[in-house]
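Here the structure comes first, spelled out in structure tokens, and everything after it is commentary.
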Amino acid sequence: MPPATPPAFDAVCIGLNVVDILVRLPNEVHRGEKHEVSDLLVQGGAPAGNAACVLAALGARTGFLGHFGRNTLSQVARDELTQRGVRADFFIETTDARPGVATVEIDASGDRTVFYNLNGYRRVSSTDVPADLAVRTRLVLVDGYETEGALVALEQARAAGTLSVLDLEAGDPAILRRLLALGTDAILPLGGARQLTGKTEPADVLHELGSATAAQLVVTDGAAGCWALTPDGVIHQPAFSINPLDTTGCGDAFHGAYAFALLAGWALPQRLEFSAYIASRVALNLGGRSALPTCDMLRREESSLFTTALRRSLTDLLTLQAGALECPAGCPR
Ligand SMILES: Nc1ncnc2c1ncn2[C@@H]1O[C@H](COP(=O)(O)OP(=O)(O)OP(=O)(O)O)[C@@H](O)[C@H]1O
Ligand SMILES: [Mg+2]
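Residue numbering for the sequence shown follows the numbering used here, beginning at 8 and increasing consecutively.
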């Protein structure tokens, strides 16, 4: 038998395809009047797309699977991914398809108000997922919004022994539980996980979810950090202390960074610390993709920020020693 071809991708992300229009509101807003603002940005958004950009910025060979049409919003969504290094191999050209569009208003206290619209949006169907997806990539990352595509991709991944990272914020509980049962690693915001389980405390939420899946489970709660279920109990990773400007995309970045660390073969505590660090960098700028860390930036980062264990893992990775990802051509490292 000829040797199997190694996967050409490190990660393929499947999820809602959205363009965000973000604005930081002035201290005083007078409804019905015009305001000039200093921070207004049009940017690709949503969990899987943002996570794909995080992975690509770190040098992982990353794809995004979704529909793109012949219209301005699709062109923005396409460019927003490819200019950040996400490859177009899994883009599906569908003339009439349009990404979702969301306005994100960030008020002076940092609170976000989102209005979105999915008119003309084309969902990822089961037949849109290539039959060989899970052997072309080392990992699939899915959100809980494109569930039909996600289910097929996760079934394939499970059969092929491919890693899978789930970002389940909200949705039909029965479907979310089907997705959870298939994944290798699932990270949920605590609010959504509370709704799904009816439990309140992070440890209770994790134990309830853990009774129905073998996936590595993590719940996140903004500046309060995250919790993960281990055979020895629940561990907590604090958030990095920062002055947040806009927390849009922190959760998405957490997932992308976690996927990267999983591919690098790091232990759970280092995966969580690294993800918390990358997520915290995202909150320093407007939008979820504005200044994503590259390996070069990691190399220059103040190493006292990290625990000894993460510092060691990063050093190994950055010098391409044991456990490192293959450094792809054009990798920003
Ligand atoms: N204000 C903050 N300061 C530092 N880190 C943060 C902050 N907000 C979020 N993070 C980091 O990002 C992780 C994920 O954030 P969060 O729990 O808000 O995800 P989410 O609800 O999925 O967010 P998103 O709206 O981006 O999808 C947190 O566990 C934390 O490490
Ligand atoms: Mg999220």
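Even for Gly, the Cβ is constructed at its ideal location relative to N, Cα and C.
Compare the Cα-Cα distances from residue i to each of the options and report the closest residue.
i      : options                        : result
ALA160 : ALA298, ILE21, VAL49, PRO209   : ILE21
SER248 : GLY51, PHE313, ARG129, GLY127  : PHE313
VAL93  : ARG296, SER310, LEU305, SER320 : ARG296
VAL241 : THR220, ALA231, ALA264, LEU213 : LEU213
ALA55  : THR322, GLU153, THR237         : GLU153
ASP239 : VAL36, ASP192, LEU275          : LEU275
ALA271 : GLY107, LEU325, PHE75          : LEU325
TYR265 : ASP192, ALA177, LEU29, LYS41   : ASP192
LEU236 : LEU216, ALA246, GLY229         : LEU216
PHE267 : PRO300, ALA316, ALA164, GLY117 : PRO300
SER132 : ARG165, THR101, ARG319         : THR101
ALA15  : GLN82, PRO33, SER81, PHE97     : PHE97
ARG68  : ARG91, ARG165, LEU279          : ARG91
PRO209 : SER311, GLY151, GLY198         : GLY198
PRO251 : TRP273, ARG278, GLN244, TYR284 : TYR284
THR1   : THR255, LEU183, LEU321, ARG318 : No information on residue 1 is available, as it lies outside the stretch 8 to 340 that the chain covers here.
ALA157 : LEU186, GLY168, LEU146         : LEU186
ARG130 : VAL83, GLU112, GLY39, ASP103   : ASP103
ILE380 : GLU308, LEU317, LEU32, ARG318  : The requested residue 380 does not occur in the structure, where the chain is confined to residues 8 to 340.
LEU195 : GLY39, ALA260, ALA138          : ALA260
LEU189 : GLY151, LYS206, GLN202         : GLY151
GLY178 : GLU155, ARG165, GLN277, ALA84  : GLU155
SER282 : ALA298, MET304, CYS257         : CYS257
May I ask you to report which of helix, strand or coil DSSP gives residue i?
i      : result
PRO335 : For PRO335, the pLDDT reaches just 43, beneath the cut-off of 50, and the residue's location in the model is therefore unreliable, although a value from the coordinates is still provided. Coil.
ARG105 : coil
ASP96  : coil
PRO14  : coil
ARG31  : strand
VAL26  : strand
ARG306 : helix
ILE285 : helix
ALA112 : Reading off the sequence shown, one finds Glu at residue 112, where the question assumed Ala. Correct three-state label for GLU112: strand.
PRO196 : strand
VAL49  : strand
ASN57  : helix
ARG319 : helix
GLN90  : coil
ILE182 : helix
THR301 : coil
ALA230 : helix
PHE71  : strand
HIS37  : coil
ARG130 : coil
VAL44  : coil
For a test of your reading of the model: does the CB of residue i fall under 7 Å from any non-hydrogen atom of ligand 1? Yes or no.
i      : result
SER116 : no
GLY232 : yes
ASP228 : yes
SER287 : yes
GLY256 : yes
PRO251 : yes
PRO196 : yes
ALA55  : no
PHE261 : yes
PHE247 : yes
ALA290 : yes
ALA283 : yes
Contact shell at 5 Å, judged by CB to any heavy atom of ligand 2, ordered along the chain = For ligand 2, the selected residues are GLU176, GLY258.
How do the region 140 to 149 and the region 33 to 48 stand: do at least 3 beta-carbon pairs fall below 8 Å, yes or no?
-> No contact exists between the region 140 to 149 and the region 33 to 48.
Would you call the region 12 to 29 and the region 217 to 233 in contact, with 3 or more CB pairs under 8 Å?
-> No, the region 12 to 29 is not in contact with the region 217 to 233.
Is it true that the region 119 to 136 meets the region 55 to 69, where meeting means three or more beta-carbon pairs spaced less than 8 Å apart?
-> Here the region 119 to 136 makes no contact with the region 55 to 69; the two share fewer than three CB pairs at distances below 8 Å.
Report yes or no: do three or more beta-carbon pairs, one from the region 287 to 295 and one from the region 165 to 174, lie closer than 8 Å?
-> Touching, no.
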